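Chains as they are written, first to last, in UniProt numbering: chain Z, 1 to 233; chain H, 1 to 233.
Even for Gly, the Cβ is constructed at its ideal location relative to N, Cα and C.
Given the structure is predicted, the values throughout are model-derived calculations rather than measurements.
Notes to accompany the following structure.
Number of protein chains: 2
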Amino acid sequence: MNKAERLFQLTNLLRGRRTAITARTLAEKLNVSERTIYRDIQALELSGIPIEGEAGIGYRIRHNFELPPLMFNRSEIIALLLGSRMVQAWSDKELAGAASRAIEKINAILPDDLKALAEQQTLLVPDYFVNSKQSDISQAVRKAIENKQRIYLTYNRADGEYSERILDPLGMVYWGGKWTLIAWCHLRENYREFRIDRINSASPSDEYFQTSEQHSLDHYISLITYPAETDYS
Amino acid sequence: MNKAERLFQLTNLLRGRRTAITARTLAEKLNVSERTIYRDIQALELSGIPIEGEAGIGYRIRHNFELPPLMFNRSEIIALLLGSRMVQAWSDKELAGAASRAIEKINAILPDDLKALAEQQTLLVPDYFVNSKQSDISQAVRKAIENKQRIYLTYNRADGEYSERILDPLGMVYWGGKWTLIAWCHLRENYREFRIDRINSASPSDEYFQTSEQHSLDHYISLITYPAETDYS
DNA sequence: TACTCTGCTGACAACTGTTGTCAGTAGAGT
DNA sequence: ACTCTACTGACAACAGTTGTCAGCAGAGTA
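If you want it as structure tokens, here you go:
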């Protein structure tokens, strides 16, 4: 096997696991000597890959490390840039930050002609309707969904009344302009939707929930039917 | 210089230009012999890079070739996936197609834990309000903007009247739910906005326009002030 | 047609980088 | 103390890369 290819395999072997792996194991898997593995690891570290080696334990790759490289062509890059700008404008601070960093990385490799097109910004995404409180709540809710964490919500109902709920948050939907939380409501014992912009506070609890056949986003989606067309004018 | 690095430089040299470049020039730039360049080119072709060599002319890289590889970390990938889903749902067919291809490429390299998160689709983007005719018009308009091509537009005014215009299309804006075309209107001798969903037809002409200080998207943007907050309920 | 420019290939020797082996040090856990 | 493992240096064997030379082929030009 080629050296370059072996280095690539090596990152894959390290990336795929959470526990440490010894140089000997890697050497056996790649059919080379341990010495070569040590040299390869050094090479990878030199090129910036954060591998942690501990005597007596083995090698581990730092989590949240960059994924394998991706190649996009010109039209895909345009779409990714536009999409990132949308995320920048219409999601919580954390996602928006990630989108910004992605945009920077993309900009760094654009050839001149595409850079001109990107700077021209002929596809604009105004961000004027994101407000800071909404962004924080949206982020808290998103985290709770990811962690399957039960949350306590206070919000203003459409009729102006104040209300509070204990919810199992299942997912968020962006309906052309507004984010909406879909959750299992313990008060109503049923699915409910909550517009993020009407939420006053969202506090994650210590309790975790589990999704099931009759209690999941998929199940909720199977219950509703999207209207064929909706007028947003 | 390392061979791997030289191959990388080589693709960059080829990618940056539209005219052909000879092996001799490449050899001089990279400080190696022509023979080595020929071997390198062969290596690149073997790994799938579409380089065209013609005797008496030189080398050219096929346009729309994939850009240099990009490395994203986990949070950036999540943002890119969400953004791509937004583009898939809310733009014209061509961009949406590019977004789909980008999503496929991303999915192909996701580690298991992220794949689960992506499949879970906790951030949904409903696409029910894209209709096919709008998508075609939006695409035609976008192309005209890119090419700086004058267009002939027919549309339904808000008051129900039919109207037609000759326009220099400058950009498109997505205002939380609707795409809007910003253009220089030759009838009014001023900037005008046109909602894409009210456009009946858009035909590019043979004429091309040039943007200038007083006749550009930047200038238009400098004229308006975004409202601090808008109610989309 | 002859000539030039350039891509492209093969052979080979000089050179450079890579690998395995061996030998040894150092840190962490038992 | 003992084991496991990371890590380093030296060196010889080996593999891959490079430059040189020589020659063929196609495209364009005088």
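Return the chain-ordered ranges of every beta strand (DSSP E) run that is complete within the segment 16-54 of chain Z and spans a minimum of 3 residues.
-> 51-54
Under a CB-based cut-off of 8 Å, is Met1 of chain Z close to chain H?
-> no
Contact set for Phe72 of chain H: own chain, Cβ-Cβ below 7 Å, skip 5 residues either direction | Leu80
Comparing the C-beta of Ile109 of chain H with each C-beta of chain Z, is any distance below 8 Å?
-> yes
Which residues of chain Z have a Cβ atom closer than 7 Å to the Cβ of Glu76 of chain H, listed in chain order?
-> Ala98, Arg101 and Ala102
Sub-8 Å separation of Gly171 of chain Z and Ser84 of chain H beta-carbons = no
Report the three-state DSSP secondary structure of Tyr128 of chain Z (helix, strand or coil).
-> Legend: pLDDT at Tyr128 of chain Z = 47, less than 50; position of this residue unreliable, value from coordinates given subsequently. Tyr128 of chain Z falls in the coil class under three-state DSSP.
Run the CB neighbour count on Met1 of chain Z, radius 10 Å, all protein chains shown included, and call it buried at 16 or more, exposed below.
-> exposed
Fully enclosed by the segment 80-127 of chain H, which alpha helix (DSSP H) runs are 4 residues long or longer?
-> 93-109 and 112-120
In chain Z, which residues lie less than 8 Å from Leu70 of chain H when you measure between Cβ atoms?
-> Pro69, Leu70, Met71, Phe72, Lys105, Ile106 and Ile109
When Cβ atoms are compared, which residues of the segment 35-65 of chain H fall closer than 9 Å to chain Z?
-> His63, Asn64 and Phe65
Use the C-beta contact count for Phe129 of chain Z: other C-beta atoms within 10 angstroms, 16 or more gives buried, fewer gives exposed.
-> A caution first: Phe129 of chain Z carries a pLDDT of 47, below 50, which makes its placement in the model too unreliable to give a value.
Inter-residue Cα distance where the pair is Thr19 of chain H and Ser201 of chain Z | 60 Å
Taking Leu13 of chain Z as the query, report the chain H residues whose CB atoms sit under 9 Å from its CB, ordered along the chain.
-> Ordered by position in chain H, no residue passes the 9 Å Cβ test against Leu13 of chain Z, which lies about 12 Å from the chain.
Where the alpha helix (DSSP H) containing Ile57 of chain Z begins and where it ends = Per DSSP, Ile57 of chain Z belongs to no alpha helix (DSSP H) and is neither H nor E.
Given that a residue counts as buried once 16 or more other Cβ atoms are within 10 Å of its Cβ, and exposed if not, what is Pro169 of chain Z?
-> buried
By DSSP, does Gln134 of chain Z sit in helix, in strand, or in coil?
-> helix
Taking only the alpha-carbon atoms, compute the straight-line gap between residue 278 of chain H and Asp136 of chain H and give it to the nearest angstrom.
-> Nothing can be reported for residue 278 of chain H, as the shown portion of chain H is limited to 1 through 233.
Can you tell me where the alpha helix (DSSP H) with residue 276 of chain Z in it begins and where it stops?
-> Because chain Z spans 1 through 233 in this model, residue 276 of chain Z falls outside it and cannot be assessed.
Counting only the same chain and skipping the five closest in sequence on each side, list residues whose C-beta sits under 7 Å from that of Trp184 of chain Z.
-> Leu167, Asp168, Leu170, Tyr191 and His215
Is Leu117 of chain H close to chain Z, meaning its C-beta is less than 8 Å from at least one C-beta of that chain?
-> yes
Is the CB of Ala4 of chain H under 8 Å away from at least one CB in chain Z?
-> yes
Compare the beta carbon distance of Ile196 of chain Z and Ser138 of chain Z with 8 Å and say whether it is the shorter of the two.
-> yes
Within its chain, find whatever has a CB closer than 7 Å to the CB of Lys3 of chain H; leave out the 5 residues flanking it on each side and keep chain order.
-> none
State the CB to CB distance for the pair Ser222 of chain H and Gln149 of chain H, rounded to an integer number of angstroms; the pair is presumed to be in contact (CB under 8 Å).
-> Actually they are not in contact, since the Cβ atoms of Ser222 of chain H and Gln149 of chain H sit about 24 Å apart, beyond 8 Å.
Ala79 of chain H at chain Z interface by Cβ criterion, 8 Å | yes
Opposite Pro204 of chain H in the DSSP bridges: which residues?
-> H:Ile151
Would you decide whether Asp113 of chain Z is buried or exposed? Buried here means 16 or more other CB atoms lie within 10 Å of its CB.
-> exposed
Do the CB positions of Pro69 of chain H and Pro69 of chain Z come within less than 8 Å of each other?
-> yes
Would the beta-carbon of Ile109 of chain H fall within 8 Å of that of Leu67 of chain Z?
-> yes
Any idea if Tyr208 of chain Z is buried or exposed, counting beta-carbon neighbours within 10 angstroms, 16 or more meaning buried?
-> exposed
Cα-Cα separation between Phe65 of chain Z and Arg74 of chain H, rounded to whole angstroms = 7 Å
Look at the alpha carbon of Ser91 of chain H and the alpha carbon of Thr180 of chain H, and state the distance between them as a whole number of angstroms.
-> 12 Å
Residues bridged to Val141 of chain Z [DSSP beta-bridge criterion] = Answer is none; Val141 of chain Z lacks a bridge partner.
Any beta-carbon of chain H closer than 8 Å to the one on Ser84 of chain Z?
-> yes
If we count the other Cβ atoms within 10 Å of its Cβ and call it buried at 16 or more, is Gln88 of chain H buried or exposed?
-> buried
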